[in-house]
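Heads up: the structure comes next, in structure tokens.
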Amino acid sequence: METKYINISGLEQWFDAISASGKRIYAPVSARGQVDFMPVKHLNEVAKEYIQTTQSVKASVYPKAEVLFSYEKVHGKVNLTDFDPESVSETVLWKVHPCDAAGFKPLSAIFNWDTTDKLINAHLLKTTVVSYSCATADESCFCTSVNGSPGNVSGSDIQLTILSDGGAIAEILTAKGEALVALLPGVFEADRGDKKEKYLVDLPAKFSLEEVNAKLNKAFNSTVWKEQSERCIGCGACAFVCPTCACFDIQEDTHGSKGRRIRCWDACGFALFTMHTSGHNPREHQSQRWRQRILHKFSYMPERLSVVGCTGCGRCSRACPVDMNILEHITSIAEQ
Amino acid sequence: MSEKNIYLPYLMTIDKVTKEAPGVKTYRLKFQDEAEAAAFDFKAGQFGEYSAFGEGESTFCIASSPTRKGYIECTFRDTGRVTSGLASLEEGSTMGFRGPYGNVFPMDEWKGKSLVFIAGGIALPPMRCVIWNALDLRENFKDITIVYGAKSVNDLVYKSELKEWTDRPDVKMVTTVDPGGETADWKGEIGFVPAIVEKVAPSSENTIAIVCGPPIMIKYTFPVLEKLGFKDDQIYTTLENRMKCGVGKCGRCNVGKLYICKDGPVFSREELNLIPAEEY
Amino acid sequence: MSSNTVFEPKIIAFVCNWCTYAGADLTGTSRLKYATNVKIVRFPCTGRIDFLLLLKSFAQGADGVIVSGCHPNDCHYTSGNFHARRRWIAFRAILDLMGVDIRRIQYSWVSAAEGSKWADLVNNTVSEIRALGPYTEYQQVADYLEKGGYNGEA
Amino acid sequence: MEKLRGRAAALLADGSVALIIGYEEGTKRPRPLFCRNSESTKKLIFDSRCINNLAVYITKKELVGKDRIAVTASISTLRSILQLYVENQLSEEKLLVLTVDLNGELREFVTFDEISAYVAQFELKRGEREQEILSKIEGMNREERWKFWLGEMSHCFKCYACRSACPLCYCSKCVVEVNRPQWINPWPAPLANMEWHINRAMHMVGRCTACGACGDACPVGIPIDLITRKMMKDMAPEFGYIPGQPAKQGNALSSWKLDDREQFIR
Chain A
769 METKYINISG LEQWFDAISA SGKRIYAPVS ARGQVDFMPV KHLNEVAKEY
819 IQTTQSVKAS VYPKAEVLFS YEKVHGKVNL TDFDPESVSE TVLWKVHPCD
869 AAGFKPLSAI FNWDTTDKLI NAHLLKTTVV SYSCATADES CFCTSVNGSP
919 GNVSGSDIQL TILSDGGAIA EILTAKGEAL VALLPGVFEA DRGDKKEKYL
969 VDLPAKFSLE EVNAKLNKAF NSTVWKEQSE RCIGCGACAF VCPTCACFDI
1019 QEDTHGSKGR RIRCWDACGF ALFTMHTSGH NPREHQSQRW RQRILHKFSY
1069 MPERLSVVGC TGCGRCSRAC PVDMNILEHI TSIAEQ
Chain B
32 MSEKNIYLPY LMTIDKVTKE APGVKTYRLK FQDEAEAAAF DFKAGQFGEY
82 SAFGEGESTF CIASSPTRKG YIECTFRDTG RVTSGLASLE EGSTMGFRGP
132 YGNVFPMDEW KGKSLVFIAG GIALPPMRCV IWNALDLREN FKDITIVYGA
182 KSVNDLVYKS ELKEWTDRPD VKMVTTVDPG GETADWKGEI GFVPAIVEKV
232 APSSENTIAI VCGPPIMIKY TFPVLEKLGF KDDQIYTTLE NRMKCGVGKC
282 GRCNVGKLYI CKDGPVFSRE ELNLIPAEEY
Chain C
-2 MSSNTVFEPK IIAFVCNWCT YAGADLTGTS RLKYATNVKI VRFPCTGRID
48 FLLLLKSFAQ GADGVIVSGC HPNDCHYTSG NFHARRRWIA FRAILDLMGV
98 DIRRIQYSWV SAAEGSKWAD LVNNTVSEIR ALGPYTEYQQ VADYLEKGGY
148 NGEA
Chain D
90 MEKLRGRAAA LLADGSVALI IGYEEGTKRP RPLFCRNSES TKKLIFDSRC
140 INNLAVYITK KELVGKDRIA VTASISTLRS ILQLYVENQL SEEKLLVLTV
190 DLNGELREFV TFDEISAYVA QFELKRGERE QEILSKIEGM NREERWKFWL
240 GEMSHCFKCY ACRSACPLCY CSKCVVEVNR PQWINPWPAP LANMEWHINR
290 AMHMVGRCTA CGACGDACPV GIPIDLITRK MMKDMAPEFG YIPGQPAKQG
340 NALSSWKLDD REQFIR
């Protein structure tokens, strides 16, 4: 790990060098009244004034729909074509917030515990994450309550902290980060000794994870689930904007004798998610599905995978049509 | 070596089709790739994801015994998109299989004990795997009792094997059908499975009871077993939640913190007591 | 232009069993010649034709669609075509709002006696669609997974 | 506000209703509140910021059970309630409707006729954003419209918030969940998304009450409410409906007239 300084024009030149290297760059772009990760070519396309992108960056390593393999039926036989890791392009994720970058660890934990997932690993391998530490936050943000912070470097290959002169402290954290710097090393200067902490938003923790965990261990039969979920309308918005939600469906796309098996996003909040063919549904009520969502993130994942399934990005709260505010709900569980 | 794609199925040839009951078929499957066949191994209780190319995947147990090498069998009812796609395949066609997944019945620990198998309807297949496994290693176990019931005579699966088990002197086989489901020449019992278990009254002494069936049957059979003196660690069952991946990632089969696909499908009643019953 | 460069549109016709299918049959038995671009799918009634089938046709490569059934008041099931008419009025408006090329869907009433009308309908539709060219605009979108597909990348 | 809270508390106290669905202050704007006891009615609010359509909850059996319930309703919610009634989803015996009128007076509706008469005073207004996007679309040619919607649809990730937020999407199994045949591919992709939204619009023809809940709910900001709203406006005169009023003569696509007009069938 090495810390450097890069000035404002250096940033632009470096970005152009990355762009010219042929790597795809996804960065937050402001369009249609929202800010979201989109392909960009120049630094001036990147959104400036905003707190959070609507969607997390997870789609870059875990696409909304992806072909697991394809097949062709020929004379009663079936030929399979495996997913090709080489088909994945080198990608740079630019201006990722620490809460988003922190999401790669739980995401990878879900996909790689016990057996490994070739697809997400192919994406992760070819992805370089350039994160920006956070100078601003809003009332939905709570990274500091879930082991994160506005300057957390987990999941980042390089973290930039933008200084008042428009330049940045560049923390080069991994070999991938170094490789990205190597595209234009000349623009990186020696560390000037700027204090990173000075540029980070102050976000006091709202609850203690240990306390929540202890409460949740005894909360399965609590009435809290019904109380909190009454207004939940059972859509998948919270899951789909979440940086760590990974539930998926496997579907078939068939055209004549050819076809593809597809993995696509799914959500535990959907009524039919766990429905058996017989019609029996173990999570029949919205309250049970809400409980699954919270327990999975804050109890099951910490216990089974040693990671918390929440990075405190607050996207679910912002996206929810009926204001299911996760911070408020978790805080109230912690205070019970 | 490049990373294995866990979603890529083995290609299997349907070697033999057996019609078991209305809408219920058993397929014997052989690996198309010899190396895959040689490397493949499983234990009683495990399941897999079976695919009909063009329709998708469906989850069932491996219904054949691991003692029978060279093939696997699955038994399924034609109920949805995938199972009807599978049902329309013929002998010689290709289908997909991923597995084996999940945990196993602890048959090694059961050595020297008596076994009581209690099954209802289409839940005999997971049990059949264990039954044949036990019968093929008959000397390892003491008494073997099988109580199997279905809605009607027509709905009983593995009819020829039921006969074979009935004819064996070293197996106590009791077959029953629900009242009204009998035929004129029906020689078995008439009544619901829990009542028949109570009537047969197997001894709980040094015995393991394996119960598979619809939730309602399990619900009423457990108290009967309790009355007969079976402790919770003497009773085993399998859970079947909806699954897509089979490898603990897709998020469907959680019961509390457990994944049915990884920590199950086999559970002792002792283990079941620790997880929320409403989620299965 | 040589004959092999002329664009031959693929056209799917959804027709009812009682009027238009019989009408198309009559076209044949009357030995009337008409374009061979059309593939006929027979339904019990126009009221039974799901609107999504029309879109599915385009997604799977059709350049044009014909929907035809009994004239008003002639429905074998009394009111199936009246229901269908309402459905098409609404469907056409939605498609137009979404920017689907509604010129590629031709609705008609062809009775069992109108063999020549069927021939004209097919011939006219084929020439109109031929003039419009292949519906690649729609077909291109049908295969998206190959392109990765990220936010805003259609 | 005090009148509403007082009345709500009284209704629960004397057992007239078992549940009152209303609004409370939320994080950024008011959100739905479920009052089952007098204490919780203290949180009730009702003003122009209350935009969630509460009619979406009154058909959910797991919430309302078999009891009589009350709901505080905005004009949009009232319109949805009327449409639900026309579709035989509600009964007068099980529902008490409360609203606060323009003079700040608390109003109670016991019958659907009363609601109908009340709602008839209000003209269906077009919002600024709706007007803006509609004018934009109206200025486009067909190819531009296709590109515009395809671009919008490419953002849809099929969370179905539009469906969940809509009071009239009460089917227990939606067409997208039917898999024999699989009408619409269940994964998010521009064409499958387009098919889904066209389908939704078709299922809403003559039923949509233009509350805009689907558009408000969309987390990725697709103006999907425009499709159903515009359809409602355009189709109402065709089929003899009054926009914003329930289709008493039956739903547009399950009824017909001899003289339905069209110019496109040859």
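Protein chains in written order, with the numbering used here: chain A, 769 to 1104; chain B, 32 to 311; chain C, -2 to 151; chain D, 90 to 355. Glycine included, C-beta positions come from ideal geometry on N, C-alpha and C.
Apart from the five residues just before and just after C/Val123, which ones in its own chain have a Cβ nearer than 8 Å to its Cβ?
-> Pro6, Ile8, Ala32, Asn34, Val35 and Gly61
Distance between A/His891 and C/Gln137 (C-alpha atoms, nearest Å) = 26 Å
With respect to the beta strand (DSSP E) encompassing A/Asn985, which residues constitute its N-terminal and C-terminal limits?
-> No beta strand (DSSP E) contains A/Asn985, which is instead part of the alpha helix (DSSP H) from Leu977 to Asn985.
Is there at least one Cβ from chain B nearer than 9 Å to D/Asn268's Cβ?
-> Yes, because at least one Cβ of chain B sits closer than 9 Å to the Cβ of D/Asn268.
Would C/Val97 count as contacting chain D if we go by Cβ distances under 9 Å?
-> It does; some Cβ of chain D falls within 9 Å.
Quick one: Cα of A/Phe1038 to Cα of C/Trp15, how far?
-> 43 Å
Cβ pair D/Ile158, D/Leu184 closer than 9 Å = yes
Could you say if the region 88 to 107 of chain C and the region 233 to 249 of chain D meet the contact criterion of at least three C-beta pairs nearer than 8 Å?
-> Output reads yes: the region 233 to 249 of chain D touches the region 88 to 107 of chain C.
Cutoff 9 Å: A/Ala947 Cβ touching any chain D Cβ = Not one chain D Cβ lies under 9 Å of A/Ala947.
How many whole angstroms separate the CB atoms of D/Gly310 and A/Gly801, which I take to be in contact at a CB cut-off of 8 Å?
-> 6 Å
Integer-rounded CB distance, given that B/Ala66 should sit under 8 Å from B/Asn185 = So it is not a contact: roughly 42 Å between Cβ atoms.
CB contact below 9 Å: D/Gly310 versus chain A | yes
Through-space distance from A/Lys994 to D/Ala107, alpha-carbon basis | 16 Å
Check distances from the C-beta atoms of the region 93 to 122 of chain B to those of chain D and list, in chain order, the residues that come in under 8 Å.
-> Gly111, Arg112 and Ser115
Are the beta-carbon atoms of A/Glu939 and A/Glu1071 separated by less than 9 Å?
-> no
Count the other C-beta atoms from every protein chain shown that fall within 10 angstroms of the C-beta of B/Gly130, then say buried if there are 16 or more, exposed otherwise.
-> buried
Leaving aside the five residues before and after B/Ala75 along the sequence, list all residues of the same chain whose C-beta is less than 8 Å from its C-beta, in chain order.
-> Ser96, Pro97, Val135, Phe136, Met138, Cys160, Val161 and Asn164
What do you get for D/Arg350, buried or exposed, if any count of 16 or more other CB atoms within 10 angstroms of its CB means buried?
-> exposed
To the nearest angstrom, how far is it from the Cα of B/Asn237 to the Cα of B/Lys47?
-> Approximately 38 Å, taken between the alpha carbons.
What in chain D is Cβ-close to C/Arg89, meaning under 7 Å?
-> Phe353
Examine chain D for any beta-carbon lying closer than 9 Å to the beta-carbon of C/Gly149, and answer yes or no.
-> Per-residue confidence for C/Gly149 stands at a pLDDT of 46, beneath the threshold of 50, marking its modelled position as unreliable; the derived number appears in the next sentence. Yes, C/Gly149 counts as interfacial toward chain D.
Closer than 9 Å to chain B by CB, A/Pro1089 | No, because no Cβ of chain B sits closer than 9 Å to the Cβ of A/Pro1089.
Residue range of the beta strand (DSSP E) that includes B/Arg300 | No beta strand (DSSP E) holds B/Arg300; the alpha helix (DSSP H) holding it covers Arg300 to Leu303.
Measure from the alpha carbon of B/Asn171 to the alpha carbon of each residue in B/Glu140, B/Ala150 and B/Asp198, then state which is nearest.
-> B/Glu140
Give the straight-line distance between the Cα atoms of D/Lys117 and A/Gln1054, rounded to the nearest whole angstrom.
-> 23 Å
Between the Cα of B/Leu270 and those of B/Tyr290, B/Leu166, B/Lys100 and B/Arg169, spot the shortest distance and give me the residue it belongs to.
-> B/Leu270 has its Cα closest to that of B/Tyr290, out of B/Tyr290, B/Leu166, B/Lys100 and B/Arg169.
Find the residues of chain D that neighbour C/Gln103, judging by a C-beta separation of less than 8 Å, and give them in chain order.
-> Arg355
C-alpha distance - D/Glu151 paired with A/Glu998, whole-angstrom precision = 9 Å
Determine the chain C residues that contact D/Trp238 at a beta-carbon separation under 7 Å, and present them in chain order.
-> Result: Met95 and Gly96.
For the alpha helix (DSSP H) that A/Gly1047 lies in, which residues bound it at each end?
-> Per DSSP, A/Gly1047 belongs to no alpha helix (DSSP H) and is neither H nor E.
Under a three-way DSSP split, which group does D/Tyr146 fall into?
-> DSSP places D/Tyr146 in the coil class of the three-state scheme, outside both helix and strand.
Close Cβ partners of D/Leu257 (< 8 Å) along its chain, the five nearest in sequence each way excluded | Ser169, Gln172, Leu173, Glu176, Met293, Arg296, Cys297 and Thr298
What are the residues of the region 127 to 139 of chain D that lie near chain A, defined by any Cβ-Cβ distance shorter than 8 Å?
-> none
Could you name the residues of chain B that A/Phe956 contacts, counting a contact when the two beta carbons are closer than 7 Å?
-> What A/Phe956 touches in chain B: nothing, since even the nearest Cβ is about 34 Å away.
Does the distance from the CB of B/Gly79 to the CB of B/Phe128 come in under 9 Å?
-> yes
If you run the structure through DSSP and keep just helix, strand and coil, what is D/Gly111?
-> strand
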